[in-house]
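Here is the structure we will look at.
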Ligand SMILES: Cc1ncc(COP(=O)(O)O)c(C=O)c1O
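Numbering (our numbering), first residue to last: 205 to 596.
Next comes the structure, spelled out in C-alpha cells:
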C-alpha cells in the first residue's frame with residue numbers, strides 16, 4: 205500500500221519519529237552512568253505524569269504484567285479483591301486475579317456505563333470482616349470506551365470506612381486525561397508504554413504510594429520478579445530485576461520529553477478536542493439508526509477511544525478488515541461481549557487533527573463501499589467541530 209498507514213487502535217498507538225529515532229542506537233554497558241541517569245530521570249518524570257510523590261517501578265512486561273505486579277505485591281492467595289466489572293478489561297483483570305489465587309468480589313455492570321460508586325460503597329459496607337484488600341478500578345475500559353471517576357471510587361471507599369487499597373488501571377488514560385494519584389487517594393496506579401505514553405509495547409509502569417509500600421513490606425515475598433522491595437535498589441540491575449530493556453527506556457525518555465514540552469494541560473485539551481471531533485462524526489452517522497455509541501452516557505465517553513456498536517446484520521469485523529486492507533486505516537474490533545458487534549476508534553497519544561480526520565474519512569468511505577447504513581456528513585461535522593464553527 206502506498207502512503208502512510210494509519211494506526212487507530214487504542215493501543216499500540218502511533219509512535220512519534222523522535223521516539224523511534226531515540227531507540228535506534230547501540231545498548232550501553234549495564235553499569236554506564238548514562239543508563240542510570242536515563243532510568244532515574246524516567247522514574248522522576250513518570251511520577252510527575254502520575255501526579256504522585258510515590259515510587260515508580262518499570263517492568264519489562266505488558267499491561268497484564270502490570271496487573272500482576274500490583275496484585276503480587278499487595279495480596280496473598282486467599283485475599284479478596286473487589287472489582288466493578290464494567291467492561292472487557294475489568295472482566296479480564298478479575299479473571300487474572302482469580303488465577304493468582306485471589307477471591308474476586310465482582311460487581312457486574314452492563315458494559316455501557318461507568319463504575320457506580322454507590323455499588324462500591326455498598327459492597328464494602330457488606331464486608332464486615334474486612335476481607336477485601338483492594339478495590340481494582342479501570343479508569344478507561346478500552347473495550348467499552350467508558351471512562352470512570354476514580355476519585356469517586358476513593359470517596360466511596362472512605363464513605364464505607366473501609367481500609368481497602370485503591371488500585372487504578374490507567375493503561376488507556378494516563379497522559380491523555382486528568383489523573384491525580386495523590387490528590388485522589390489512589391494507592392497503586394498501573395500504566396503501559398504502548399498507549400498515550402507513545403512508546404512501543406513492552407513496559408508496564410506502576411506508581412505506588414507509602415501505604416501500598418507498607419502493605420507490600422508486611423507480606424511474605426512470593427514473586428521475586430514483581431517484588432517492590434528488591435526493586436527499591438539504586439543500581440539498575442536490581443531495580444529492573446535483571447537487564448534493563450534499554451531501547452525501550454531510550455524511547456520512553458524521548459516520549460517523556462515530548463510530554464513535558466507539550467505539557468499535560470495541553471495534552472488533555474488536545475485529547476478532548478480530537479475526541480469531540482470523533483463524537484460529532486458518530487453522532488451524525490448514528491442518525492440512520494444502524495450505528496450507535498456503546499457508552500450510553502455522553503459525559504462518560506472516553507477521550508481516548510470510541511466504541512461504535514453495529515446494528516443487526518452489519519458485520520463490524522468486515523468494516524475493520526476493509527478499512528485496514530483497502531484503505532490503510534486500522535481501527536480496533538469489539539472485545540468480549542461486543543465481539544463482532546462493535547468497532548473501536550483509538551484517539552490517544554501522538555495524534556493530530558488531520559490524522560483523526562483521515563481515519564473518520566476512511567471509515568465513511570468504507571461505510572459507502574460496504575453499504576453500512578449511516579447518515580452522511582459525519583466527517584463534515586467533525587471538520588466543523590475542529591474549525592470551531594459547529595453549532596453548540
Ligand atoms: C485498560 C486496559 N487494561 C489492561 C490492558 C492490557 O494490557 P496489555 O495488552 O498490554 O497486556 C489493556 C490493553 O489494551 C487496557 O486497555
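We put the beta carbon where it would ideally sit given N, CA and C, even for glycine.
Practice problem: Kindly indicate which residue of 516, 264, 368 and 411 has the alpha-carbon position closest to the one of residue 494. | Solution: Position 290 of the chain shown holds residue 494. That would be 516, whose Cα lies nearest to the Cα of residue 494.
Quiz item: If you pair each beta-carbon of the region 537-544 with each one of the region 496-513, do three or more pairs fall below 8 Å?
Solution: The region 537-544 and the region 496-513 touch, with no fewer than 3 CB-CB distances between them shorter than 8 Å.
Practice problem: Could you spell out where the alpha helix (DSSP H) holding residue 288 opens and where it closes? | Solution: Start at 1 with the first residue of the chain shown, and residue 288 comes out as number 84. For residue 288, there is no enclosing alpha helix (DSSP H); the residue is found in the beta strand (DSSP E) stretching over 284-289.
Practice problem: Using the DSSP secondary-structure output, state which residues sit across from residue 345 in a beta bridge. | Solution: Locating residue 345 in the chain shown gives position 141, where the first residue counts as 1. DSSP output for residue 345 lists 350 as bridge partner(s).
Quiz prompt | Minimum C-alpha distance to residue 347 - residue among 411, 377 and 356 | solution = Here residue 347 refers to the residue found at position 143 when the chain shown is read from its first residue. Ranked by Cα distance from residue 347, the first of 411, 377 and 356 is 377.
Quiz prompt | residue 383, DSSP secondary structure in three states | solution = Position 179 of the chain shown, counted from the start, is the residue given in the question as residue 383. It is coil, neither helix nor strand.
Practice problem: Please look up how many angstroms separate the CB atoms of residue 504 and residue 372, rounded, as I've assumed it's under 8 Å. | Solution: Position 300 of the chain shown, counting from 1, holds the residue named residue 504. Position 168 of the chain shown, counting from 1, holds the residue named residue 372. That pair is no contact at about 16 Å.
Quiz item: residue 557: which of 473, 357, 276 and 235 sits nearest, CA to CA?
Solution: On the chain shown, position 353 is the one that residue 557 refers to. The alpha carbon of residue 557 has as its nearest neighbour, out of 473, 357, 276 and 235, the alpha carbon of 473.
Quiz prompt | Where the beta strand (DSSP E) through residue 307 begins and ends | solution = On the chain shown, residue 307 is found 103 positions in, with the first residue counted as 1. Unbroken beta strand (DSSP E) run through residue 307: 307-312.
Quiz item: With respect to the beta strand (DSSP E) encompassing residue 369, which residues constitute its N-terminal and C-terminal limits?
Solution: Your numbering for residue 369 matches position 165 in the chain shown. For residue 369, the enclosing beta strand (DSSP E) stretches over residues 369-373.
Quiz item: Would the beta-carbon of residue 453 fall within 8 Å of that of residue 243?
Solution: By 1-based counting over the chain shown, the position of residue 453 is 249. By 1-based counting over the chain shown, the position of residue 243 is 39. Between residue 453 and residue 243, the gap from beta carbon to beta carbon is short of 8 Å.
Quiz item: Between residue 291 and residue 235, what straight-line distance do the alpha-carbon atoms span, to the nearest angstrom?
Solution: Translated into the one-based positions of the chain shown, residue 291 becomes position 87. Translated into the one-based positions of the chain shown, residue 235 becomes position 31. Cα to Cα, residue 291 sits roughly 43 Å from residue 235.
Practice problem: Would you kindly report the start and end of the unbroken alpha helix (DSSP H) that includes residue 300? | Solution: Translated into positions along the chain shown, residue 300 becomes position 96. First-last of the alpha helix (DSSP H) with residue 300: 292-303.
Quiz item: Which whole-angstrom value is the C-beta distance of residue 381 and residue 475, which I expect to be below 8 Å?
Solution: For the purposes of this step, residue 381 is identified with residue 177 of the chain shown, where counting begins at 1. For the purposes of this step, residue 475 is identified with residue 271 of the chain shown, where counting begins at 1. Taking the Cβ atoms as the reference, residue 381 lies roughly 6 Å from residue 475, within the contact range of under 8 Å.
Quiz prompt | Where residue 392 sits in the DSSP three-state scheme | solution = Here residue 392 refers to the residue found at position 188 when the chain shown is read from its first residue. Reduced to three states, the DSSP call for residue 392 is strand.
Quiz prompt | Contact check, residue 470 vs residue 403, beta carbons under 8 Å | solution = Mapped onto the chain shown, residue 470 falls at position 266. Mapped onto the chain shown, residue 403 falls at position 199. Result no, Cβ atoms of residue 470 and residue 403 do not sit closer than 8 Å.
Self-check item: Same chain, Cβ closer than 7 Å to residue 367, neighbours up to 5 away in sequence not counted
Solution: Counting from one through the chain shown, the residue named residue 367 turns up at place 163. If the five residues before and after residue 367 are omitted, its C-beta is found closer than 7 Å to the C-beta atoms of 334, all from its own chain and listed in chain order.
Quiz prompt | Of the listed residues 417, 569 and 426, nearest to residue 533 (C-alpha basis) | solution = For the purposes of this step, residue 533 is taken as residue 329 along the chain shown, with counting starting at 1. With distances taken between Cα atoms, residue 533 lies closest to 569.
Quiz item: Would you report the Cα separation of residue 277 and residue 423, rounded to the nearest angstrom?
Solution: Against the chain shown, residue 277 aligns to sequence position 73. Against the chain shown, residue 423 aligns to sequence position 219. Cα to Cα, residue 277 sits roughly 8 Å from residue 423.
Quiz item: From this set, 564, 298, 357 and 285, which residue's C-alpha is nearest residue 320's C-alpha?
Solution: Taking the chain shown and counting its residues from 1, the one referred to as residue 320 is at position 116. Out of 564, 298, 357 and 285, 357 has the C-alpha closest to the C-alpha of residue 320.
Quiz item: Where residue 322 and residue 432 are concerned, what is the direct C-alpha to C-alpha distance, given to the nearest angstrom?
Solution: By one-based count along the chain shown, residue 322 stands at place 118. By one-based count along the chain shown, residue 432 stands at place 228. If you take the alpha carbons of residue 322 and residue 432, they lie about 32 Å apart.
Quiz item: In terms of residues, what are the limits of the alpha helix (DSSP H) holding residue 447?
Solution: Residue 447 sits at position 243 when you count from the first residue of the chain shown. Note, residue 447: premise wrong, no alpha helix (DSSP H); not H, not E.
Exercise. Would you check if there are 3 or more beta carbon pairs closer than 8 Å linking the region 223-235 to the region 381-398?
Key: Taking 8 Å as the limit for Cβ pairs, the verdict is that the region 381-398 does not touch the region 223-235.
Quiz item: So, do the region 541-556 and the region 520-532 have three or more beta carbon pairs nearer to each other than 8 Å?
Solution: At 8 Å Cβ cutoff, the stretches touch.
Quiz item: Just checking, does the region 295-309 make contact with the region 254-263 on the three C-beta pairs under 8 Å criterion?
Solution: Output reads no: the region 254-263 does not touch the region 295-309.
Self-check item: residue 446: CB within 7 Å of a non-hydrogen atom of ligand 1
Solution: Taking the chain shown and counting its residues from 1, the one referred to as residue 446 is at position 242. It does not: the Cβ of residue 446 is nowhere closer than 7 Å to a heavy atom of ligand 1.
Quiz item: Curious, which full-length alpha helix (DSSP H) runs of at least 4 residues does the region 397-427 contain?
Solution: Entirely contained in the region 397-427, the alpha helix (DSSP H) runs reaching 4 residues are, in chain order, 414-422.
Exercise. Along the alpha helix (DSSP H) that carries residue 224, what are the first and last residues, could you check?
Key: Stepping through the chain shown from its first residue, residue 224 is reached at position 20. Taken as a continuous stretch (DSSP letters only), the alpha helix (DSSP H) holding residue 224 covers 221-227.
Self-check item: Contact check, residue 354 vs residue 390, beta carbons under 8 Å
Solution: Translated into the one-based positions of the chain shown, residue 354 becomes position 150. Translated into the one-based positions of the chain shown, residue 390 becomes position 186. With contacts defined by Cβ atoms closer than 8 Å, residue 354 and residue 390 form a contacting pair.
Quiz item: Within this structure, are the beta carbons of residue 340 and residue 262 separated by less than 8 Å?
Solution: In the chain shown, the residue the question calls residue 340 occupies position 136. In the chain shown, the residue the question calls residue 262 occupies position 58. It is not a contact, given that the beta carbons lie outside the stated cut-off.
Practice problem: Could you tell me if the beta carbon of residue 267 falls within a distance shorter than 7 Å of some heavy atom in ligand 1? | Solution: Locating residue 267 in the chain shown gives position 63, where the first residue counts as 1. Relative to ligand 1, residue 267 has its C-beta within less than 7 Å of a heavy atom.
Practice problem: Put residue 513 into one of helix, strand or coil per three-state DSSP. | Solution: Stepping through the chain shown from its first residue, residue 513 is reached at position 309. Note: residue 513 maps to strand in three-state DSSP.
Exercise. Confirm, please, whether the CB-CB distance from residue 579 to residue 491 is below 8 Å.
Key: As a position in the chain shown, residue 491 is number 287, starting the count at 1. As a position in the chain shown, residue 579 is number 375, starting the count at 1. Pairing residue 491 with residue 579 gives a Cβ-Cβ distance under 8 Å.
Quiz item: Quick one: Cα of residue 554 to Cα of residue 351, how far?
Solution: On the chain shown, position 350 is the one that residue 554 refers to. On the chain shown, position 147 is the one that residue 351 refers to. Straight-line Cα distance between these residues: approximately 20 Å.
Quiz item: Straight-line CA distance for residue 485 to residue 525?
Solution: As a working note, residue 485 is residue 281 in the chain shown. As a working note, residue 525 is residue 321 in the chain shown. Spanning the two alpha carbons is a distance of roughly 20 Å.
Quiz item: Can you tell me where the alpha helix (DSSP H) with residue 480 in it begins and where it stops?
Solution: Here residue 480 corresponds to residue number 276 of the chain shown, with the count starting at 1. For residue 480, the enclosing alpha helix (DSSP H) covers residues 468-489.
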